[in-house]
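Just so you know, the UniProt record's numbering puts the end of the sequence shown at 430, numbered straight through with nothing missing.
Ideal placement from N, C-alpha and C gives every residue a C-beta, glycine not left out.
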Amino acid sequence: MKHRGRHRRRRRGRALRATLAGTALALTAAATMITTSQATDADDPGPLKPLTASAETTPLRLTERDVPRAALDRLSAAMGRPVGVRTVLADPDGALRDAADCTADDRRALPVEPAAARAYCWPEEATEGWRPGAVTTSGDADDDGRWGEHRVVVSGWSRADASGDGDGPARVAFVDAGDRERPRYTWVLLAVPVDGGRDYRGLGSAVSGMVWYQDKLLVTAGRGEDSALYVYDVDRIQRAAAPGTSPGRGPGGPSAAGARYVLPAVATYRANGADAPRPGGISLDRSTAPDSLVAHGSAAADGDGPALLWRYPFSSDPARPGLLETDPVAHAHPVEVYETELTEVRSVLSYGSGWYLGRMTGSPDGRGALWRQDADGARTTRCGADETHRCWSGPATSLSYWQETGEVWSQSGRMLFALPLADVDRSLDG
């Protein structure tokens, strides 16, 4: 029986690779139809420009504020003993579908070049009315790539408003990625304690960036009063007893907007000043010492113009696991800041000396571009022998590098996908 099962897995793996390769070829053919006059994303943005003046770096300072421990304890007392990721994974809501079983429309969200090595789609009924956001993994959480015995991907979503934008509440799916053929997921609502922990509300914003580091999940939110970098403790997940659609405690018990678990924030990092640049996309860089959180954002208050790239070191204090390094007055300071001439940056990843930047191009087919930029210059992935650089997935808003496996994870539409970082580097033009 073991031999037959292994043969079935091999045949299915070959079928998946053939499906993804066929999808990439079809998308490449479509990309070749883009005219040269439209290829403005092929312009060379040049090297990154370091910013060192205090007037340029001080606005990126963040202030850390903890949710009082008494409020968290009060919430736990009302909702029951918190549980951890292992309990959540053992109680799945459903399973992702292998790319071979996904619709052609869903697979069009995948990148053309480099092609995904593996990909899955979310069931339509599980994500209807929700907008996908950022991705992180247990490869961020621990350098061995596992949380306990589990390999885990965390996928962020937010409730879509009438325009299709994410307007909250926000939720994440903990995906058990140990089963490569049928990963199972469990929904958890992202919440903010209110009234001293007597109640909670949903996080009312799109999840534009997310990093799971040690026992903390850091989430960027960019709307109204929720504009901040939120910190969640993955060991403080609470059960929701009521099936209601509105987050919070009600007559029937605590509700999680359709989910069965709630994750309350334990801290925030906020920018100093209404016009200060705020982290948009974020990711973890394990190639620095100490490990660091990298971010992108706009240099202009209106979001137009060149983008900023910067990083904060994580604390090495054992009493502050998963938190940023701060000074005695709880300020987190950037240790590296750059300006890039690229606009419409949607995702960021830093590893070694290179910064990988996904951006929208405004092309009719919705294709994006993926650049690698450093102090010496910039290169972009290209669609095989064709001259166009619109090869990436335009809707993808997140890049997460799983160092232990060498894979980059991202999400586009209902597709969750991974590909080796080495394939990205091989796809860069000369």
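Span of the alpha helix (DSSP H), counted from its first residue to its last, around residue i
{"i": "residue 139", "result": "138 to 141"}
{"i": "residue 426", "result": "421 to 427"}
{"i": "residue 107", "result": "104 to 107"}
{"i": "residue 127", "result": "124 to 127"}
{"i": "residue 89", "result": "85 to 89"}
{"i": "residue 55", "result": "54 to 57"}
Own chain, CB closer than 8 Å to residue i, minus 5 neighbours either side, in chain order
{"i": "residue 142", "result": "214"}
{"i": "residue 180", "result": "118"}
{"i": "residue 31", "result": "Any answer about residue 31 is weak, because its pLDDT of 43 lies below 50 and its placement is not dependable; what the coordinates show is given next. The answer, listed in chain order, is 112, 365, 367, 383, 386, 388, 390, 391."}
{"i": "residue 29", "result": "Low confidence applies here, because residue 29 scores a pLDDT of 45, under 50, leaving its location unreliable; read the following figure in that light. So no residue of the chain qualifies."}
{"i": "residue 291", "result": "213, 284, 285, 313, 314"}
{"i": "residue 196", "result": "68, 70, 71, 74"}
Residue span of the beta strand (DSSP E) that contains residue i, given as start and end
{"i": "residue 431", "result": "Residue 431 falls outside the range modelled here, since the chain spans only 1 to 430, and no answer is possible."}
{"i": "residue 147", "result": "Neither: residue 147 is in no beta strand (DSSP E) and is coded neither H nor E."}
{"i": "residue 358", "result": "354 to 360"}
{"i": "residue 193", "result": "184 to 194"}
{"i": "residue 268", "result": "261 to 271"}
{"i": "residue 372", "result": "367 to 373"}
{"i": "residue 298", "result": "292 to 298"}
{"i": "residue 209", "result": "209 to 213"}
{"i": "residue 233", "result": "228 to 233"}
{"i": "residue 343", "result": "Counting along the chain, residue 343 falls outside any beta strand (DSSP E), and DSSP gives it neither H nor E."}
{"i": "residue 287", "result": "Run containing residue 287: none; DSSP gives neither H nor E here."}
{"i": "residue 220", "result": "216 to 221"}
{"i": "residue 403", "result": "Neither: residue 403 is in no beta strand (DSSP E) and is coded neither H nor E."}
{"i": "residue 249", "result": "248 to 250"}
{"i": "residue 397", "result": "Premise fails: residue 397 is in no beta strand (DSSP E) and is neither H nor E."}
Cβ-heavy atom distance, residue i to the ligand MG, below 7 Å
{"i": "residue 105", "result": "Absence of the ligand MG is noted for the structure shown, with no ligands found whatsoever."}
Whole-number beta carbon distance between residue j and residue i, since they are thought to touch under 8 Å
{"i": "residue 293", "j": "residue 231", "result": "In fact, because the Cβ distance is near 11 Å, the residues do not count as touching under 8 Å."}
{"i": "residue 132", "j": "residue 201", "result": "Actually they do not touch by this definition, with Cβ atoms about 22 Å apart."}
{"i": "residue 343", "j": "residue 373", "result": "Not quite, the Cβ-Cβ distance comes to about 13 Å (not below 8 Å), so this is no contact."}
{"i": "residue 228", "j": "residue 269", "result": "6 Å"}
{"i": "residue 249", "j": "residue 199", "result": "5 Å"}
{"i": "residue 194", "j": "residue 85", "result": "Actually they are not in contact, since the Cβ atoms of residue 194 and residue 85 sit about 25 Å apart, beyond 8 Å."}
{"i": "residue 46", "j": "residue 307", "result": "Residue 46 to residue 307, Cβ: 14 Å. No contact."}
Own chain, CB closer than 7 Å to residue i, minus 5 neighbours either side, in chain order
{"i": "residue 6", "result": "Annotation note: pLDDT 38 at residue 6 (below 50); position unreliable, no value reported."}
{"i": "residue 177", "result": "151, 152, 153, 183"}
{"i": "residue 88", "result": "174, 186, 188, 237, 261"}
{"i": "residue 208", "result": "133, 134, 220, 222, 280, 281, 397"}
{"i": "residue 413", "result": "106, 109, 132, 395"}
{"i": "residue 56", "result": "337"}
With 16 other Cβ atoms within 10 Å as the buried cut-off, status of residue i
{"i": "residue 35", "result": "For residue 35, the pLDDT reaches just 36, beneath the cut-off of 50, and the residue's location in the model is therefore unreliable, although a value from the coordinates is still provided. Exposed, since its Cβ has fewer than 16 Cβ neighbours within 10 Å."}
{"i": "residue 125", "result": "exposed"}
{"i": "residue 40", "result": "Bear in mind that a pLDDT of 44 at residue 40, under 50, signals an unreliable position, so the number given afterwards is only what the model happens to contain. By the 10 Å Cβ count, residue 40 comes out exposed."}
{"i": "residue 252", "result": "exposed"}
{"i": "residue 151", "result": "buried"}
{"i": "residue 158", "result": "buried"}
{"i": "residue 128", "result": "exposed"}
{"i": "residue 329", "result": "exposed"}
{"i": "residue 321", "result": "exposed"}
{"i": "residue 44", "result": "exposed"}
{"i": "residue 71", "result": "buried"}
{"i": "residue 256", "result": "buried"}
{"i": "residue 353", "result": "exposed"}
{"i": "residue 376", "result": "exposed"}
{"i": "residue 325", "result": "buried"}
{"i": "residue 438", "result": "Outside the shown range of the chain (1 to 430) lies residue 438, about which nothing can therefore be said."}
{"i": "residue 429", "result": "exposed"}
{"i": "residue 422", "result": "exposed"}
{"i": "residue 419", "result": "buried"}
{"i": "residue 50", "result": "exposed"}
{"i": "residue 53", "result": "exposed"}
Chain-order list of residues whose beta-carbon lies under 6 Å from that of residue i (same chain, five-residue window excluded)
{"i": "residue 38", "result": "Only weak support exists for where residue 38 lies, its pLDDT of 38 falling under 50; the coordinates are left without a value."}
{"i": "residue 210", "result": "134, 136, 156, 219"}
{"i": "residue 427", "result": "113, 114, 381"}
{"i": "residue 350", "result": "285, 294"}
{"i": "residue 66", "result": "267"}
{"i": "residue 33", "result": "Note that residue 33 scores a pLDDT of 42, beneath 50, so its modelled location is shaky; the value from the coordinates is reported in the next line. Here the set comprises nothing."}
**Prompt:** Is it true that the region 189 to 200 meets the region 251 to 267, where meeting means three or more beta-carbon pairs spaced less than 8 Å apart?
**Reply:** Cβ pair count under 8 Å is three or more, so yes.
**Request:** State whether the region 392 to 399 contacts the region 355 to 367, with contact taken as three or more CB pairs (one from each stretch) at a distance under 8 Å.
**Result:** These segments touch.
**Message:** Using a Cβ distance threshold of 8 Å, determine whether the region 325 to 341 contacts the region 73 to 90, with at least three qualifying pairs required.
**Reply:** Between the region 325 to 341 and the region 73 to 90, the count of C-beta pairs closer than 8 Å stays below three; the two stretches do not touch.
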